[in-house]
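Peer 1: If you scroll down you'll find the structure; I have some questions about it.
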DNA sequence: CGCAGCCTTGACAAATGTCAACAAACGTGG
DNA sequence: CCACGTTTGTTGACATTTGTCAAGGCTGCG
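Structural data, given as structure tokens:
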């Protein structure tokens, strides 16, 4: 039920690109291809990890809950997988996931993933590279959380997004502000105030459109570090 | 230069136990066995990852710094490895490490680790299991940080330590309080006050000796969750 | 003994969260 | 296309949490 284009997108992912064609086809045979509207709960933390998910189009929020509170852990954009660690370990999901836009998503049965993982060396190595990358990204996020206050986190987030979108000083927030606030570990009210506090540093906000007019000043405030803010190191 | 006993301890680790004997010996040939006093800086974040470290005896603190601040990320107890992700990826360390007790430590050259990783399927699979485990532990730590306030973090920490040491209601803090405070994301002053706030919940502190006399009450306050507080799930 | 480092305590400051109100943006159905 | 209700974002006043600074006690070690 997978369209050729989708298969090609999958194959283009680092994690699938090196594996034997026959194993890739074996994975595809058990795969489900689905379209979800925005706002659908895909997985709930604690559930057994039946599937490895791949987002082909749209956006998915990973979040976690405890004692009536909820926090955004990450936002997944195409094309990438999520909850790989749980699938490989055959352990319960630690995070929940919901669509925040209309999404095209592939579900690969975790048992198939584990089977191929045991047979295909190239795939096993790719999984290691992916996992170590996710681990390091999370170490950086933890340093961000523990070493910086909320204003510094926002300032560095803006600089990262700016770099990611070409460094022109103009870009769009790809997420609702309330979700951004939760991701940054603060309340929406506080995010609102933090944006205003950054005005003297050349941060202009118009809805989702951000313009940075004094990147040097903002950088002095934010003190970005390659060991926290670089994307792939 | 490795003593037979040490080699056996290494071999006993999940990550090394399944690999071919010849490959294990190859790893040992390049290994350095060393003893460090307390307070020695082993690695500094940002350095190239020349070695994979294994603690045989003692305790090592992993910490991170930014802009004059410092935070404890984890404490490593024997027998286990640390900074595996950086070694495998050949990427700079994201965390610094220092001994907090006298330590026996093995250093395995990262290039050897990567070479064996490419040849030995069992080792590659063990690395995946180890990395996914580290990743999930860090997801839990992040949920702990973002979803709980400092009192709740301390309460859950005490319950985890109690379970880990047999659940008798009596155990010892294996780390200085200032380090514990940093690990929990708070100041030493605040940790001190948090302990006093927990007195009505049956938390008795005598130096490093902790006694929990009302575990039920403390549990009601802490609301521990398997998806945050269980050790290996 | 005396020094140094850790822990604790109190007073105070700063950061962050909560609550309430309202405005703006959005989607839906008439 | 408009009217309506819902959600999101903003703002102000205030409460709570957390951090900072300074002082003093305790402990371990030379």
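Residue numbers (my numbering), protein chains in the order written: chain S, 422 to 654; chain Z, 422 to 654.
Don't be surprised by glycine CBs; every beta carbon is placed ideally from N, CA and C.
Keep in mind it's a predicted model, so treat the numbers as computed, not measured.
Taking residue 634 of chain Z as part of the beta strand (DSSP E), name the residues at either end of that continuous run.
Peer 2: From DSSP, residue 634 of chain Z is part of no beta strand (DSSP E); its letter is neither H nor E.
Peer 1: Indicate, with yes or no, if the ligand SAM has a heavy atom lying under 7 Å from the CB of residue 630 of chain Z.
Peer 2: Absence of the ligand SAM is noted for the structure shown, with no ligands found whatsoever.
Peer 1: With DSSP as the reference, label residue 443 of chain S as helix, strand or coil.
Peer 2: Helix.
Peer 1: Taking the alpha-carbon of residue 640 of chain S as reference, which of S:444, S:463, S:631, S:624 has the nearest alpha-carbon?
Peer 2: When each option's Cα is compared against that of residue 640 of chain S, the closest is S:624.
Peer 1: Check this for me: beta carbons of residue 506 of chain Z and residue 557 of chain S, under 8 Å apart or not?
Peer 2: Yes, the pair counts as a contact, with Cβ atoms nearer than the cut-off.
Peer 1: Would you mind reading off the limits of the alpha helix (DSSP H) that contains residue 556 of chain Z?
Peer 2: Run containing residue 556 of chain Z: 542–568, per the alpha helix (DSSP H) assignment.
Peer 1: In chain order, what residues of the segment 466–482 of chain Z put their CB closer than 7 Å to some CB of chain S?
Peer 2: Listed by position along the chain: 466, 467.
Peer 1: Where does residue 465 of chain S land, buried or exposed, given buried means 16+ other C-beta within 10 angstroms?
Peer 2: By the neighbour-count rule (16 or more Cβ atoms within 10 Å), residue 465 of chain S is not buried but exposed.
Peer 1: Measure the C-alpha to C-alpha separation of residue 449 of chain Z and residue 527 of chain Z and round it to an integer number of angstroms.
Peer 2: Cα-Cα distance, rounded: 9 Å.
Peer 1: Could you have a look at residue 505 of chain S and say whether DSSP puts it in helix, strand or coil?
Peer 2: The answer is helix: DSSP assigns residue 505 of chain S an H, G or I state.
Peer 1: If I follow the unbroken alpha helix (DSSP H) through residue 437 of chain S, where does it start and stop?
Peer 2: Counting along the chain, the alpha helix (DSSP H) containing residue 437 of chain S begins and ends at 435–438.
Peer 1: Apply the 10 Å Cβ neighbour rule to residue 599 of chain Z and answer buried if 16 or more other Cβ atoms are within range, or exposed otherwise.
Peer 2: Looking at its Cβ environment, which holds fewer than 16 other Cβ atoms inside 10 Å, residue 599 of chain Z is exposed.
Peer 1: For chain S, check one thing: does any of its Cβ atoms lie closer than 8 Å to the Cβ of residue 563 of chain Z?
Peer 2: Chain S, which has a Cβ nearer than 8 Å to the Cβ of residue 563 of chain Z, makes this yes.
Peer 1: In whole angstroms, give me the CA-to-CA distance for residue 488 of chain Z and residue 440 of chain S.
Peer 2: Cα to Cα, the separation comes out at about 43 Å.
Peer 1: Expressed to the nearest angstrom, what Euclidean distance is found between the alpha-carbon atoms of residue 570 of chain S and residue 636 of chain Z?
Peer 2: About 34 Å.
Peer 1: Using a Cβ-Cβ cut-off of 6 Å (strictly less than) and excluding sequence neighbours within five positions of residue 458 of chain Z, which residues of its own chain qualify?
Peer 2: So the list reads 523, once near-sequence residues are dropped.
Peer 1: For residue 560 of chain S, go through chain Z and note every residue whose CB falls closer than 9 Å to its CB, in chain order.
Peer 2: Within 9 Å Cβ-Cβ: 485, 494, 506, 515, 516, 559.
Peer 1: So residue 520 of chain Z packs on residue 563 of chain S, CB below 8 Å; how close in whole Å?
Peer 2: Going by Cβ atoms, the distance from residue 520 of chain Z to residue 563 of chain S rounds to 22 Å, so no, they are not a contact pair.
Peer 1: List, in chain order, every chain Z residue whose beta-carbon is nearer than 8 Å to that of residue 549 of chain S.
Peer 2: Within chain Z, the residues near residue 549 of chain S are 509, 538, 545, 548, 549, 552.
Peer 1: Closer than 7 Å by beta-carbon distance: list the chain Z residues that pair up with residue 378 of chain S, in chain order.
Peer 2: Lying outside 422 to 654, the shown extent of chain S, residue 378 of chain S is not represented and no answer is given.
Peer 1: With three or more C-beta pairs closer than 8 Å as the rule, is the segment 572–580 of chain Z touching the segment 591–608 of chain Z?
Peer 2: Result yes; three or more Cβ-Cβ pairs closer than 8 Å.
Peer 1: Are residue 475 of chain S and residue 502 of chain S close, meaning C-beta to C-beta below 8 Å?
Peer 2: Yes. Within cutoff.
Peer 1: Can you check whether the CB of residue 513 of chain S is closer than 8 Å to the CB of residue 477 of chain S?
Peer 2: Result no, Cβ atoms of residue 477 of chain S and residue 513 of chain S do not sit closer than 8 Å.
Peer 1: My guess is that residue 533 of chain Z and residue 447 of chain Z are in contact by the Cβ rule of under 8 Å, so how many angstroms apart are they, rounded?
Peer 2: Right, their Cβ atoms sit about 7 Å apart.
Peer 1: Taking Cβ positions only, does residue 542 of chain Z come closer than 8 Å to chain S?
Peer 2: It does; some Cβ of chain S falls within 8 Å.
Peer 1: Three-state secondary structure (DSSP) at residue 528 of chain S?
Peer 2: Three-state DSSP puts residue 528 of chain S in a strand.
Peer 1: How about the segment 576–585 of chain Z and the segment 581–589 of chain S: do they share at least three Cβ pairs that are nearer than 8 Å?
Peer 2: The answer is no - the segment 581–589 of chain S does not touch the segment 576–585 of chain Z, with fewer than three Cβ pairs under 8 Å.
Peer 1: Can a CB atom of chain S be found closer than 8 Å to the CB of residue 439 of chain Z?
Peer 2: So no, residue 439 of chain Z is outside the interface.
Peer 1: Could you check whether the Cβ of residue 566 of chain S sits closer than 8 Å to any Cβ belonging to chain Z?
Peer 2: Output row for residue 566 of chain S: interface = yes.
Peer 1: How would you write the range of the alpha helix (DSSP H) that residue 488 of chain Z sits in, first residue to last?
Peer 2: That residue, residue 488 of chain Z, is in no alpha helix (DSSP H); it is neither H nor E in DSSP.
Peer 1: How would you call residue 517 of chain S, buried or exposed, if buried means at least 16 neighbouring beta carbons within 10 angstroms?
Peer 2: Looking at its Cβ environment, which holds 16 or more other Cβ atoms inside 10 Å, residue 517 of chain S is buried.
Peer 1: If you scan the segment 582–639 of chain S from start to end, which runs of the alpha helix (DSSP H) of 4 or more residues do you find wholly inside it?
Peer 2: Segments of the alpha helix (DSSP H) lying fully in the segment 582–639 of chain S: 598–604, 609–618.
Peer 1: Quick check on this structure: which residue in S:649, S:453, S:611 has the alpha carbon closest to the alpha carbon of residue 567 of chain S?
Peer 2: When only C-alpha atoms are compared, the closest one is S:649.
Peer 1: Which of helix, strand or coil does DSSP assign to residue 471 of chain Z?
Peer 2: Here residue 471 of chain Z sits in coil by DSSP.
Peer 1: Assuming residue 444 of chain S contacts residue 544 of chain S under a Cβ cut-off of 8 Å, what Cβ separation, rounded to an integer in Å, is found between them?
Peer 2: Between residue 544 of chain S and residue 444 of chain S the Cβ distance is about 7 Å, and since that is below 8 Å, they are a contact.
Peer 1: If you draw a straight line from the alpha carbon of residue 497 of chain S to that of residue 578 of chain S, how long is it in whole angstroms?
Peer 2: If you take the alpha carbons of residue 497 of chain S and residue 578 of chain S, they lie about 16 Å apart.
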